[in-house]
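Worksheet: the structure to be examined is printed underneath.
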């Protein structure tokens, strides 16, 4: 075959290809249409049969309903019959559960109690050194004064009795150390008895003008003892004249007392008109004066002025006001949270002076800080002891003084019954 003929055949083949493609596509469309018609015809033929089957299923379901309802009634009746038995079983299970829970709780509480007891025991046993060290740190600014017990005129019989009864007797002095009148005299004198067995603190005020014998000095006012010979002579004077066993003291300056009361938040007292007028005479310039009577709140300066009132009534009332201030301070101390103790100790310690060592103070702390602490108070002179009038003028070293004369032996008996026999003055 020549090249020309071959070329013609190819050209003819290529011209026929589009027509062949069209024929193929037409055949495919015809085939698809035939398949579609066949499927529609098949579905129509199946529908009556399917509907018949559905009707049959529905009839079977309706026939089963009465039977199902009967079974449900039977099941409900069986459940009702079982309820009493089930309730009884539940009660038994609940009781058993409660007994088991109670035993578990008791066991858990027992474990907690044992664990707590051990913790407290070891804290008290091992922590004593730490507490003592902390106390020493906070009391390092407390002014200490060592005194010679051999010169204190201690009643040895009462000293033994105090140890047996866990009683500690302390002298408390409020000193007016300002420049001027009565500088260095003990303006307030109290015997404070701390009863560890009964949880009580008893305070007895001694009027500053009480006429007593000062060892090695002779007869004069008791207030002079502190200025003549400091706390040693003041304690010896109390022991000799009232048969006491005092070996320790606490001294507070009146100016510092105002700061102490201020830090404690002041005190509340009942004030009459005469006291209000006298109080306002004692307050320092710039301090607010009291304008009302009745229940009054006093700041530190006002409280000290209140305790120093002299002229509106008697020395007995004056010592009563001093005890009120002390009682208010004790009540304030009872309200303080233990977490606040270090703060107040740090502030108050530099304002006081004492002969007690740290271990002695710590022994007294549980009684003083007890929330159920009982405070009792009285004074000399009083309505239950014979006196030579309100005050009498006596010559001392060539100077006439107004003093209190009363039976010191009778006062000694009353004081010791109050401290050791727990009998108040008004019941003796």
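In the numbering used here, the protein residues as written are 804 to 1231. Note that the Cβ used here is the ideal one computed from N, Cα and C, for glycine as well.
query	result
Secondary structure of residue 1231, DSSP reduced to three states	coil
Under 9 Å between C-beta atoms of residue 977 and residue 989	yes
CA-to-CA distance, residue 1140 to residue 1212, given in whole angstroms	43 Å
Beta-carbon proximity check, residue 942 vs residue 1051, cutoff 9 Å	no
Residue 1149 versus residue 1062: straight-line alpha-carbon distance, rounded	13 Å
C-alpha distance - residue 1117 paired with residue 1013, whole-angstrom precision	13 Å
Other residues of its chain near residue 962: CB distance less than 6 Å, five sequence neighbours each side excluded	1048
From 1011, 1219, 956, 1153, residue whose alpha carbon lies closest to that of residue 979	1011
Buried versus exposed call for residue 1162 [16 or more other C-beta atoms within 10 Å across all chains shown]	exposed
Residue 1179, enclosing alpha helix (DSSP H) - first and last residue	Residue 1179 -> not in any alpha helix (DSSP H); beta strand (DSSP E) instead, spanning 1177-1183.
Candidates 1196, 1167, 1208, 1172: closest to residue 1184 by CA position	1208
Residue 971 - containing beta strand (DSSP E), residue span	970-979
Residue 1067 vs residue 1132 beta-carbon contact at 9 Å	yes
Minimum C-alpha distance to residue 1029 - residue among 991, 1074, 1228, 1001	991
Residue 988: CB within 8 Å of a non-hydrogen atom of the ligand SAM	As far as ligands go, the structure on display features none, and thus does not contain the ligand SAM.
Rounded C-alpha distance that separates residue 1147 from residue 1201	47 Å
Residue closest to residue 1045, alpha-carbon to alpha-carbon, out of 1033, 998, 993, 1086	993
For residue 969 and residue 1179, the rounded distance between their alpha carbons	17 Å
The beta strand (DSSP E) enclosing residue 1022, as first and last residue numbers	1021-1024
For residue 1220: DSSP bridge partner residues	For residue 1220, which the question treats as bridged, DSSP gives no partner whatsoever.
Under 9 Å between C-beta atoms of residue 1124 and residue 1109	yes
For residue 1003, the nearest candidate out of 1230, 1223, 1229, 1231 (CA to CA)	1223
When 973, 1153, 1189, 1024 are compared against residue 1205, the one with the closest alpha-carbon	1024
C-beta atoms of residue 1225 and residue 1001 nearer than 9 Å	yes
Euclidean distance between Cα positions of residue 1151 and residue 1220	33 Å
Residue 1127 versus residue 1072 - alpha carbon distance	8 Å
Residue nearest to residue 1015 in terms of C-alpha spacing, selected from 1027, 1008, 1006	1027
Residue environment, residue 1142, which counts as buried when at least 16 other CB atoms sit within 10 Å	exposed
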